[in-house]
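A.B. asks: Quick note on the working numbering: the sequence shown kicks off at 5 and runs consecutively.
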Amino acid sequence: MSDNSITIRVWGDYACFTRPEMKVERVSYPVMTPSAARGVLEAIFWEPEIYYLIDSIHVIRRGSWFSFRRNEVISVISIDNAKTWMKSPEKVSPIRAGGGAADGTQRNMLALAGVEYLITAEVHLSDIGKRRGHPINTYRTEIERRAKSGKCYHRPYLGVREFVADFDLEDDVPAALERRSTELGKNCKSLWPEEDLGLMLYDVFDHEQRTQGFRWLTKDEQESQPKKKAVPRWEGLLVKPEAVFFQANIKDAKLDCHPQRIRLARNQVTGA
Numbered sequence: 005m006s007d008n009s010i011t012i013r014v015w016g017d018y019a020c021f022t023r024p025e026m027k028v029e030r031v032s033y034p035v036m037t038p039s040a041a042r043g044v045l046e047a048i049f050w051e052p053e054i055y056y057l058i059d060s061i062h063v064i065r066r067g068s069w070f071s072f073r074r075n076e077v078i079s080v081i082s083i084d085n086a087k088t089w090m091k092s093p094e095k096v097s098p099i100r101a102g103g104g105a106a107d108g109t110q111r112n113m114l115a116l117a118g119v120e121y122l123i124t125a126e127v128h129l130s131d132i133g134k135r136r137g138h139p140i141n142t143y144r145t146e147i148e149r150r151a152k153s154g155k156c157y158h159r160p161y162l163g164v165r166e167f168v169a170d171f172d173l174e175d176d177v178p179a180a181l182e183r184r185s186t187e188l189g190k191n192c193k194s195l196w197p198e199e200d201l202g203l204m205l206y207d208v209f210d211h212e213q214r215t216q217g218f219r220w221l222t223k224d225e226q227e228s229q230p231k232k233k234a235v236p237r238w239e240g241l242l243v244k245p246e247a248v249f250f251q252a253n254i255k256d257a258k259l260d261c262h263p264q265r266i267r268l269a270r271n272q273v274t275g276a
């Protein structure tokens with residue numbers, strides 16, 4: 005494990021780590037994906053100078069399957085409509101769901117109830133961070149401080165924003181597993197001895213491209229650029245979303261996620 009590793013314990017009443025091949029109906033993977041784990045960490049703390057590499061996900065509570073239906077909408081709000089409403093609030097026409105609304109539709113969700121995980125991740129400096137010259141320990145200390153005090157940029161969630169997550173910092177993985185095993189009255193490692201989960205979503209942003217970092221330039225920074233036809237609006241690399249999968253395997257209630265220890269599969273067909 006890297007010296008720049010951190011471990012966050014995260015739990016919640018509900019979770020849904022959606023399988024992309026299921027299209028309209030939301031069906032969860034049986035365990036948190038590395039992409040969802042990264043999202044939790046970035047909700048707590050993120051700066052353009054750093055990026056996270058998920059090392060592993062330990063399962064403390066698997067959760068139980070449950071299904072329900074909810075009202076959703078088919079339409080989406082376009083940027084042009086939003087700009088029109090900002091200029092003329094009286095023209096606002098909200099999209100309504102439920103209660104006989106014309107755009108409402110019912111969709112099924114198969115999710116998990118009562119889950120808990122230990123997320124271990126490496127914190128690395130991006131190319132932007134390396135140019136700033138700040139040591140990685142500065143950011144790691146800030147992450148730990150925020151996690152200990154329960155602070156976050158926005159509330160972390162477990163797969164979908166409706167399923168909010170609680171979190172806490174853990175200093176030692178074995179000690180945390182032993183403590184939670186005692187509190188729950190069962191051995192967390194024997195909870196899920198071994199299972200091949202098949203292809204699972206790793207992330208929608210390439211971890212190799214994320215090493216460059218990304219940030220929007222301020223207005224002053226843009227104006228200070230040499231006069232060109234196309235003035236850059238950002239620094240770093242604007243990463244295009246592209247689904248990356250990996251062969252997921254659970255052993256002793258642990259999902260290994262480090263890109264150096266797993267085989268990543270790109271350009272996979274996710275549905276017919």
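Ideal Cβ positions, reconstructed from N, Cα and C, are used throughout, including at glycine.
Within the 8 Å Cβ cut-off, does ALA86 reach chain B?
C.D. replies: Protein chain content of the structure displayed is limited to a single chain, and chain B is not contained in it.
A.B. asks: Can you tell me where the beta strand (DSSP E) holding ALA303 begins and where it ends?
C.D. replies: The structure shown does not extend to residue 303, since the chain is modelled only from 5 to 276, so the question has no answer here.
A.B. asks: If you draw a straight line from the C-alpha of PRO34 to the C-alpha of LYS255, how long is it?
C.D. replies: 14 Å
A.B. asks: Given a threshold of 16 other Cβ atoms within 10 Å of its Cβ, counted over all protein chains shown, does VAL273 qualify as buried or as exposed?
C.D. replies: Caution is warranted here: a pLDDT of 45 is assigned to VAL273, below 50, making its placement in the model unreliable, and no coordinate value can be reported.
A.B. asks: DSSP has MET204 in a bridge; who is on the other side?
C.D. replies: PHE250
A.B. asks: Among LYS152, LEU116 and ASP200, whose alpha-carbon lies nearest the alpha-carbon of ASP17?
C.D. replies: Check the Cα spacing between ASP17 and each of LYS152, LEU116 and ASP200: the tightest is with LEU116.
A.B. asks: Is the number of C-beta pairs between the region 159-173 and the region 80-96 that are closer than 8 Å three or more?
C.D. replies: no
A.B. asks: Give me, in chain order, the residues of the same chain whose beta-carbon lies closer than 7 Å to that of ARG42; leave out the 5 immediate sequence neighbours on both sides.
C.D. replies: TYR56, ILE58 and ASP207
A.B. asks: Grab me the residues of LEU242's own chain with a C-beta within less than 8 Å of its C-beta, minus the 5 sequence neighbours each way, in chain order.
C.D. replies: PHE218
A.B. asks: Which of the three DSSP states is assigned to THR11 in this structure?
C.D. replies: strand
A.B. asks: What does the alpha-carbon distance come out to for the pair ARG184 and ALA19?
C.D. replies: CA-to-CA, the gap between ARG184 and ALA19 works out to about 20 Å.
A.B. asks: Taking the beta carbon of GLU198 as the centre, do at least 16 other beta carbons fall within 10 Å, making it buried, or is it exposed?
C.D. replies: exposed
A.B. asks: Would you check if the distance between the CB atom of CYS192 and the CB atom of ILE61 is smaller than 8 Å?
C.D. replies: In this structure, ILE61 does not lie closer than 8 Å to CYS192 by Cβ.
A.B. asks: Beta-carbon separation of PHE286 and ARG73 under 8 Å?
C.D. replies: Summary: the structure shown does not reach residue 286, with the chain confined to residues 5 through 276, and so no result is reported for it.
A.B. asks: Tell me whether ARG23 is buried or exposed, calling it buried when 16 or more other Cβ atoms sit within 10 Å of its Cβ.
C.D. replies: Around the beta carbon of ARG23, 16 or more other beta carbons lie within 10 angstroms, which makes this residue buried.
A.B. asks: Ordered along the chain, which non-local residues of its own chain (more than five positions away) have a Cβ less than 6 Å from that of ASP200?
C.D. replies: ASN253, listed in sequence order.
A.B. asks: Kindly indicate which residue of TRP15, GLU29, GLY67 and ILE10 has the alpha-carbon position closest to the one of TRP196.
C.D. replies: GLY67
A.B. asks: For the ligand NAD, is there a heavy atom less than 7 Å away from the beta-carbon of ALA41?
C.D. replies: The ligand content of the structure shown is nil, which means the ligand NAD is not present either.
A.B. asks: Hey, quick one: how far does the beta strand (DSSP E) through ASN75 stretch, first residue to last?
C.D. replies: Where ASN75 is concerned, the enclosing beta strand (DSSP E) stretches over 68-77.
A.B. asks: Between the alpha carbons of ASN281 and MET113, how many angstroms are there, rounded?
C.D. replies: In the structure displayed, the chain extends from 5 to 276; residue 281 sits before or after that span and is not available.
A.B. asks: Of the choices ILE266, THR145, GLN216 and ASP210, whose alpha-carbon is the least far from that of LEU203?
C.D. replies: ILE266
A.B. asks: Would you mind working out which of LEU173, PHE249 and SER97 sits nearest THR37, comparing C-alpha positions?
C.D. replies: PHE249
A.B. asks: In this structure, what does DSSP give as the bridge partners for VAL35?
C.D. replies: Partner(s): none; VAL35 has no beta bridge.
A.B. asks: Report yes if the CB atom of ARG165 is closer than 8 Å to the CB atom of GLU120, and no otherwise.
C.D. replies: Contact: no.
A.B. asks: Along the beta strand (DSSP E) that carries ILE282, what are the first and last residues, could you check?
C.D. replies: In the structure as shown, the chain begins at 5 and stops at 276. Residue 282 is therefore absent and cannot be evaluated.
A.B. asks: Output the distance between the C-alpha atoms of LEU268 and LYS244, rounded to the nearest integer angstrom.
C.D. replies: 17 Å
A.B. asks: Ends of the beta strand (DSSP E) at TYR157?
C.D. replies: Neither: TYR157 is in no beta strand (DSSP E) and is coded neither H nor E.
A.B. asks: Helix, strand or coil: which one does DSSP assign to ALA169?
C.D. replies: coil
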